[in-house]
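Protein chains in written order, with the numbering used here: chain A, 1 to 222; chain B, 1001 to 1258; chain C, 2001 to 2215.
Note that the Cβ used here is the ideal one computed from N, Cα and C, for glycine as well.
Quick notes on the structure that follows.
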Amino acid sequence: MIRDAWLVAKKDLLIEIRSRIIINQIAPYTLLIIVLFGFALDADTETLRDTGPGLFWVSTLLVAILAVQRSVDIEISDSALDRLLLSGISPASIYIGKTIALYVQLIILEVGLFIVMLVLFDMSVDNYPLIVASTILTTLAISSSGTLYGVIASGVGVRETLLPVLFLPVLAPAVIGATRAYGDAFGRVNADGWAWLGLLSVIAIVYTLIGMLTYGKLLEET
Amino acid sequence: MANTAKQDFTTSQGTKFMGISLIIGIPTLLAFAFFFSPADDNMDDAVRLLYIHVPVAIFAYVAFITTALGSIFYLWKKSRWWDTVAHASAEIGVIFCGLTLITGSIWGRPTWNTWWEWGDVRLVTTLVLFIMFLGYLALRQVPASPDLRAKRSSVVGIIAAVNIPIVNRSVEWWENNTLHQQSSLTDGKLENLTLFTLFLGLIIIGISYLWLMTHRFRVGWMATEIESAGIAGIIEERLNEGSSNSGNLNPQRKEDIS
Amino acid sequence: MVFLGQFPALTGVTMKISQGEIVLIKGPNGAGKSTLLHLCAGLLPMRKGSGTILDFDLLTQRMELRAHVGLLAHRTGLYSDLTVKENLKFWATTYGASDAEIDSAMEVFGLAGRLESVQVQNLSEGQRRRTSLALLLIKRPSIWLLDEPYAGLDDNGRGLVNSCISQAAEAGSTVLIASHEISSIGSKRERTLQVKGGRIVADSQDGKEGHHYDP
């Protein structure tokens, strides 16, 4: 199963390398969101530093929607999904593989966004391990639930509007945790970031488990 | 409850009984809540709203847990009954959750001096739960085959309900950053009349939930019957397509038959 | 009874397909030929009716059936951003085939050389179908399902399809072809199913014409 999952993940990432959708279209979009927030908040640097963690994660979520849609589109556009089902790869492997690929793409986007934020908002990090740990866990929550909801919202013709409505609320608790952890790591907020990691781990693990268990059943009817 | 196949209305002995209890019960509850029971030392009259807010909140959770159970049982047994229960309960849960947020907000205003408090984790996560189940209802409306819809809704319902413990325990688990009333039910420090009104509230709201559920379930059941009838019609058409001049083999193929 | 969304694409299927049969599926557009093939691939759930292919029960064993099936469908199931070679490599690996087999399949179907590093989205319809056919050969399934295999192909391509079918037939594989372009495959063992309105309205195996199947 690991071998199969890895095969699927590599394939998705190879497709991304070939098509460069994330780099050419989605990455600029994240930059744009941050800049728009900068304008809209009409902010001085202090406000931006305070709101930075929140803006970061909101931008990430908005962009994750696009990445999820892309992940699903790849399989649906020429019915590659049928071939995938006939290939003997188990649905759980497909799920893990696609989640890994989505995860890698999101991490790359987040790293870029993070650097931009450090520069544009003039922020400094007190606690790098906390940043890394919370990013790892939150991105896992986003990619595991994203892969699952991508399938749930697909094939019924209203995907663009349905996916955000289903997907984003489910990640709200993760955003709360991630933002508090980031706030702590930037020294802006008096919260115990490490404690929030507990919440983030629970969310990430639960969503991954549910995904592995139900993805197969949901794939069947697409 | 399943005895509605040929009716086109959803009332029955049971619902009439419940309806009458509510007609009597709700004014009684309001009387007790707003007149008979004493004002609270700390909150004055604001406490009166709690007699509605607390039971409605509890039954919102009950409704969402019922949806989750219905979803789990549907995935297990593939039964239309459970799926209809899940859907009906979600709809009522959303209404009750909305009421919880509204009554909570009104209660909070004089006490906290604000209509909404972002720092309160339970408040915020209850709002999120509300939105999650709105999403569930949105998914339900999407045109798709009944099986597909039911399966996908079930997964969404289960995940949304999994967030209930996170909502409920958030106050104790992570932050003490809340303006939320600590649980005074278990304190045991409530006066008799206050306690009585609270329990009356629980009972009356409980009956409302059951009454609404019964009606909504029946409506949902009828909807699925109509849908099945519609599909049967389409099947009928398809069958007719197949039987018109069906013995029409291509004559030249006679020699191909071995 | 097989549904595509809310539409009953197949309303009555009762059939048994045995090893080594060559079956031609004919019928007007919209009759359900493609759906029947997808059903035989184990991709679609069947609500009512019965059918077996090579002892796999279509109601209960469709997952197990899949590994033995090769489907040439109308939609080619390739990743448009990847090149021909990358597609072949990926899918072949899932089938457990070796590099040598990939290379030889590419030779046979004229995909080697310049074409192999062209992205699928830049291929012509015929080239895509040939790639799909190549994958079928690489997978070497015991059941071949071909949905309008001649569509979009030139004479060369059609020749390839025919030789694949012959090879498969000789090897004793089971072949099901849905086509309204040919009236016969030219094999003695051939069987014809006539599909109309989602039902199999005639089966040459019965020796009788106009035999009706109950849904």
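- At least one beta carbon of chain C lies nearer than 9 Å to the beta carbon of B:ASN1240.
- The shortest C-alpha to C-alpha distance from B:LEU1202 to any of B:PHE1009, B:GLY1019, B:GLN1013, B:VAL1062 is the one to B:VAL1062.
- Taking the beta carbon of B:GLY1135 as reference, the chain A residues within 7 Å of it are VAL165, LEU166, PRO169, listed in sequence order.
- Under the Cβ distance rule, B:ALA1150 does not count among the residues neighbouring chain C, no pair being separated by less than 9 Å.
- At least one CB of chain A lies nearer than 9 Å to the CB of B:PRO1143.
- With a 10 Å radius around the Cβ and a threshold of 16 neighbouring Cβ atoms, A:TYR182 comes out buried.
- Taking a contact to require three or more Cβ pairs closer than 8 Å, the region 143-158 of chain A and the region 70-78 of chain A qualify as touching.
- By the C-beta criterion, the region 124-135 of chain A is judged not to be in contact with the region 62-72 of chain A, since fewer than 3 inter-stretch pairs fall below 8 Å.
- The C-beta of A:PRO53 comes no closer than 9 Å to any C-beta of chain B.
- Among the residues of chain C, none has a CB under 7 Å from the CB of B:ILE1072; the nearest is roughly 21 Å distant.
- Going by DSSP, B:PRO1055 is part of the alpha helix (DSSP H) stretching over 1050-1077.
- Excluding residues up to 5 positions away in sequence, GLY2027, PRO2028, ALA2031 lie with their Cβ nearer than 7 Å to the Cβ of C:LYS2196 in the same chain.
- Going by DSSP, C:ASP2155 is part of the alpha helix (DSSP H) stretching over 2155-2170.
- Against chain B, the CB of A:SER145 has a partner CB under 9 Å away; the residue lies at that interface.
- The residue from B:ALA1060, B:GLY1233, B:ALA1161, B:ILE1204 with its alpha-carbon nearest to that of B:LEU1029 is B:ILE1204.
- With contacts defined by Cβ atoms closer than 9 Å, B:LEU1050 and B:LEU1198 form a contacting pair.
- Under the Cβ distance rule, B:LEU1123 does not count among the residues neighbouring chain A, no pair being separated by less than 9 Å.
- Going by beta carbons, C:ARG2130 and C:LEU2146 fall outside the 9 Å limit.
- With a cutoff of 9 Å on beta-carbon distance, C:ILE2053 and C:LEU2036 are scored as not near each other.
- In terms of beta-carbon proximity, C:GLY2198 lines the interface with chain B, with at least one pair separated by less than 9 Å.
- Looking at the backbone, the Cα of C:SER2098 and that of A:ALA101 are separated by about 25 Å.
- Distance from the CA atom of B:PHE1130 to the CA atom of C:ASP2203, rounded to whole angstroms, is 56 Å.
- Bounds of any alpha helix (DSSP H) do not take in C:ASP2147; it lies within the beta strand (DSSP E) bounded by 2143-2147.
- Contact of B:ILE1235 with chain C by beta-carbon distance below 7 Å involves PRO2008, THR2011.
- Only those residues of the region 1200-1233 of chain B whose C-beta falls short of 8 Å from the nearest C-beta of chain C are listed: ILE1231.
- The beta carbon of C:HIS2074 lies closer than 7 Å to those of SER2034, ASP2147, GLU2148 in the same chain, with the five residues before and after it left out.
- Interface criterion met: the Cβ of A:ARG83 is under 9 Å from a Cβ in chain C.
- Separation of C:ARG2191 and C:LYS2016 (C-alpha to C-alpha, rounded to the nearest whole angstrom) is 12 Å.
- Among the bridge pairs identified by DSSP, C:LYS2016 is matched with C:THR2052.
- Residue C:LEU2082 holds the alpha-carbon nearest to the alpha-carbon of C:ASN2122 among C:ALA2171, C:ASP2057, C:LEU2082, C:MET2063.
- Residue contact with chain A for C:THR2014: absent (no Cβ-Cβ distance below 9 Å to any residue of chain A).
- The beta carbon of C:LEU2065 sits closer than 6 Å to those of GLY2042, PHE2056, all from its chain and outside the five residues before and after it, given in chain order.
- Not one beta carbon of chain A lies nearer than 9 Å to the beta carbon of C:ASP2155.
- The beta-carbon distance between C:PRO2008 and B:ILE1235, rounded to whole angstroms, is 5 Å. This is short enough to meet the 8 Å contact definition.
- The region 1221-1234 of chain B makes no contact with the region 1095-1110 of chain B; the number of CB pairs closer than 8 Å stays below 3.
- Residue pairing of A:ASP122 in beta bridges, as defined by DSSP: absent, with no partner found.
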